[in-house]
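Student:
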Amino acid sequence: MGACLALCSLASCASCLCGSAPCLLCGCCPSSNSSTITRLVFSFFLLLGTLVSVIMILPGMEAQLRKIPGFCKGGSFFIPGVENQVNCDVIVGYKSVYCMCFAMTCFFFLFSAIMIGVRNSKDPRAAVQNGFWFFKFLILVGITVGAFFIPDGTFHTVWFYFGAVGSFIFILIQLILLIDFAHSWNKTWVENAEETDNKCWFAGLLSFTGLHYALALVAVVLFYMHYTQPDGCTEHKVFISLNLIFCVIISVVSILPKIQEVQPHSGLLQASLISLYTMYVTWSAMTNNPNRRCNPSLLSLVSNVSTSNQAGQEGPGQVQWWDAQGIVGLIIFLFCTLYASIRSSSNTQVNKLMQTEGGTGAAVEDNVGEDGVRRSVDNEEEGVTYSYSFFHFHLSLASLYIMMTLTNWYQPDTTTNAMQSSMPAVWVKMSSSWLGLGLYLWTLIAPLIFRDRDFS
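FYI, in mature numbering (1 follows the signal peptide of the UniProt record, and there is no 0) the residues of the sequence shown are -16 to -1, 1 to 440.
1) Just list the residues that DSSP pairs Gly150 with in beta bridges.
2) Under 8 angstroms, with one C-beta from each stretch per pair, do the segment 230 to 237 and the segment 214 to 222 reach the 3-pair mark?
3) Pull up the DSSP beta-bridge partners for Pro43, would you.
4) May I ask you to verify whether the segment 260 to 268 touches the segment 308 to 321, counting CB pairs closer than 8 angstroms and requiring at least 3?
5) Taking 7 angstroms as the threshold (C-beta atoms), are Leu260 and Leu189 in contact?
6) Taking the continuous alpha helix (DSSP H) assigned at Ile233, which residues delimit it?
7) Could you spell out where the alpha helix (DSSP H) holding Asn114 opens and where it closes?
8) Decide if Leu35 is buried, meaning its Cβ has at least 16 other Cβ atoms within 10 Å, or exposed.
9) I'd like the span of the alpha helix (DSSP H) that includes Tyr424, first residue to last.
10) Alpha carbon to alpha carbon, how far is Phe192 from Thr344? Give it in angstroms, no decimals.
11) Going by CA-CA distance only, name the one from Arg277, Gln213, Leu314, Ile160 that's closest to Leu384.
12) Output the boundary residues of the alpha helix (DSSP H) element that contains Phe93.
13) What did DSSP end up calling Pro241 once you bin it into helix, strand or coil?
14) Go through its chain and collect everything with a Cβ distance to Tyr82's Cβ below 7 angstroms, but skip five positions before and after it.
15) Residues bridged to Gln213 by DSSP?
16) Quick one: what's got a C-beta closer than 7 angstroms to Ser373's C-beta in the same chain, skipping five residues either side?
17) Are Ser416 and Leu156 touching if we call contact CB-CB under 7 angstroms?
18) Compare the C-alpha of Met209 against each of His196, Tyr197, Leu195, Ile224 and name the closest.
19) Exposed or buried, Ala255, counting other C-beta atoms within 10 Å across all chains shown (16 or more means buried)?
20) Could you tell me whether the Cβ atoms of Leu379 and Leu31 are closer together than 7 angstroms?
21) Put Ser250 into one of helix, strand or coil per three-state DSSP.
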């Protein structure tokens, strides 16, 4: 009997893996929209690949693998006299992260190309989007295995530049998502305060706004103290000063009376959050400066000692990503990825930038089956609630961003097989912060310039 039950359970799982998203997660997300569940499952694929990449780049992983008898290349593997061909230099370290993220990028880009032009769930391609999860997983595994057989050559050097460009775009998307989150946050709390006549909501908005500005100001002071020198580090002085000025500008513009007339829900909360994020990007950029005089290690700042093995001076194939900026980058990435999976924005400006359609689709209703179990509902029969193609493109860019974050934006050196800090990474991050500030400024002034359009 137990064996029969086990076989039935296995068959049920197999049918769900080959079936639709609602079948796959209906037990975990009752009465959820199928569009949301699909995005969560694809995001899970991305997070799973991220976890594998983190494990691969952990310090000492290669030494642990070499302890396994006959596992690495050159060792006898089970059959005496037959040498194993597994190259442990490739399956760990920065090369493994490049291969894993290359596979994820190809996987999501493939689906991005396939899903171009899907308008509703009646399109046959929508069934591919929302189902066949077992086969999708096999495709991802197959691409990943194939990626590890790519010859070294110039692959890692070329893929670094793909990663830099993709990460540049993803940082902008992160900022757009933060803008959307801040708008929704401010709108919800203001409406709650007006409906309940409870001043605690306004107090909360004021507190978080003050906290964001305080943290941003503290960051600026610390940047000038530790990342500049009286007789040098001119680039850092320019970066910090410019971004400080730009943050002041967007804060002033957000509360101008003319802006408030056309954007009643704009305010200092959004500007403060964007300012704090801009300071993070500025800090992240400065930590990639190869000039160690202008880029002290975080350990030396905390303990007031000089470390001999600072970032950028690691051995071949070793990358120190687990510093503060890398960890903060991963946290922001996780937040933005999950938020992109569940978001349903009413902000028209942000929806146009994100290629989504807020409010489209059927509302979530209780869909109770004959067995009394609530099922997920198809809310895209009339129209998709998000662009399938753009969502996958966003995940492919996220894969590149993870690659650059885990390798600390270090550039591969083909002559020494090591990873080195580089100024291109600095300029990519700084230019993305400037363009992101410009996008936020545009969301404020666009309704004022184009009064004949609906930006509600």
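Ideal placement from N, C-alpha and C gives every residue a C-beta, glycine not left out. Only a predicted model underlies this, so the values are computations on that prediction, with no experimental measurement involved.
Tutor: According to the data block:
1) Looking at the DSSP assignment, Gly150 forms no beta bridge with any residue, so it has no partner.
2) no
3) Answer is none; Pro43 lacks a bridge partner.
4) Two segments are said to touch when three or more pairs of C-beta atoms, one from each, lie closer than 8 angstroms; by this definition the segment 260 to 268 touches the segment 308 to 321.
5) Against a cut-off of 7 angstroms, the Cβ pair of Leu260 and Leu189 comes out as no contact.
6) 218 to 238
7) 108 to 114
8) The residue is exposed, with fewer than 16 neighbouring Cβ atoms inside 10 Å.
9) 407 to 433
10) Note that Thr344 scores 44 on pLDDT, short of 50, meaning its location in the model is unreliable; the coordinates nonetheless yield the value given after this. Their backbone Cα atoms lie some 31 angstroms apart in a straight line.
11) Considering only alpha carbons, the answer is Leu314.
12) Per DSSP, Phe93 belongs to the alpha helix (DSSP H) from 78 to 98.
13) helix
14) Excluding its 5 nearest sequence neighbours in each direction, Tyr82 has C-beta neighbours in its own chain below 7 angstroms: His140, Trp143, Met387, listed in chain order.
15) Answer is Gly216, bridged to Gln213.
16) Ser96, Met99, Ile100
17) yes
18) Ile224
19) buried
20) No, Cβ-Cβ distance for Leu379 and Leu31 is not below 7 angstroms.
21) Coil.
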